[in-house]
């Protein structure tokens with residue numbers, strides 16, 4: 185389980201490239217889109233399933249407090265979109281940097297990330 189195992193699994197799998205200029209056939213493009221969609225959903229499930237395993241609970245509390253403060257500041261100004269704003273803030277500031285540089289955040293401890301793994305996480309990151 186966890187981010188590191190998931191990144192390794194993606195890296196060992198078939199390509200996720202979805203740029204039509206880099207794909208030879210429409211069939212390959214559609215297959216890659218489907219794989220990317222599944223990889224993103226699986227990655228998102230890993231993220232949601234790992235909240236309770238965050239080792240430094242004091243950081244987790246600080247992040248929750250930060251999100252709560254942000255929510256209090258925006259709740260009246262953006263009542264219909266406040267939860268989306270909090271979610272976007274959390275993912276853009278905390279999750280996406282860890283997805284792009286997993287070794288820097290201790291997700292792939294003890295090893296460098298291969299070029300293919302970096303390409304895979306760069307393709308997944310905008311989707312989540």
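Numbering (my numbering), first residue to last: 185 to 312.
Even for Gly, the Cβ is constructed at its ideal location relative to N, Cα and C.
Using only CA atoms, which one of the options lies nearest to residue i?
i: residue 228; options: 253, 280, 289, 288; result: 280
i: residue 248; options: 278, 226, 198, 191; result: 278
i: residue 220; options: 246, 259, 197; result: 197
i: residue 192; options: 272, 264, 226, 265; result: 226
i: residue 218; options: 199, 234, 206; result: 199
i: residue 251; options: 209, 261, 272; result: 272
With 16 as the cutoff for other CB atoms within 10 Å, does residue i come out buried or exposed?
i: residue 223; result: buried
i: residue 204; result: exposed
i: residue 286; result: buried
Can you check whether the C-beta of residue i is within less than 7 Å of a C-beta belonging to chain B?
i: residue 254; result: Absent from the structure is chain B; it holds one protein chain and no more.
Do residue i and residue j have their C-beta atoms within less than 7 Å of each other?
i: residue 214; j: residue 201; result: no
i: residue 255; j: residue 231; result: no
i: residue 289; j: residue 282; result: yes
i: residue 259; j: residue 266; result: yes
Inside the segment 222 to 293 only - alpha helix (DSSP H) runs reaching at least 4 residues: 241 to 258, 266 to 274, 280 to 284
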